[in-house]
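Below is one structure, written out as structure tokens, with a few remarks after it.
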Amino acid sequence: MLTIEFIQQHLRQAIAQAIEAKNPAELAHLQQMAGLLMKPAHLHNDSETEYALRLLAAKAANARESLLKKEDD
């Protein structure tokens, strides 16, 4: 059965792969996915999961911003 932990681990790995591949479009997609998953966690008062997903969304966003900034330099 699919678990929240598995989904979080998959997102972590996907973010790491997108960073390694220098793929800002994929990072934006992963940020949106993590953000989308935050809503059900919030609706079920699962603040721990919501926070973990918020951190993943922020990691993807920060990495994307960093990649785009390097492209501009």
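All residue numbers for the sequence shown refer to this note's numbering, where the first residue is 8 and numbers rise by one.
We put the beta carbon where it would ideally sit given N, CA and C, even for glycine.
Check	Outcome
Check Thr56 in the structure and name its three-state DSSP category.	helix
Return the first residue and the last residue of the alpha helix (DSSP H) that Ala35 is part of.	Pro31 to Leu50
When the Cβ atoms of the region 69 to 79 are set against those of the region 40 to 50, are three or more pairs found closer than 8 Å?	no
Could you check which residue in Leu60, Leu75, Ser73 and Arg71 has the C-alpha nearest to that of Glu19?	The sequence shown places Arg at residue 19, rather than the Glu named in the question. With distances taken between Cα atoms, Arg19 lies closest to Leu60.
Could you please give the first and the last residue of the uninterrupted alpha helix (DSSP H) stretch that includes Ala25?	Ile11 to Glu27
Answer with buried or exposed for Ala25, where buried requires no fewer than 16 other C-beta atoms within 10 angstroms of its C-beta.	buried
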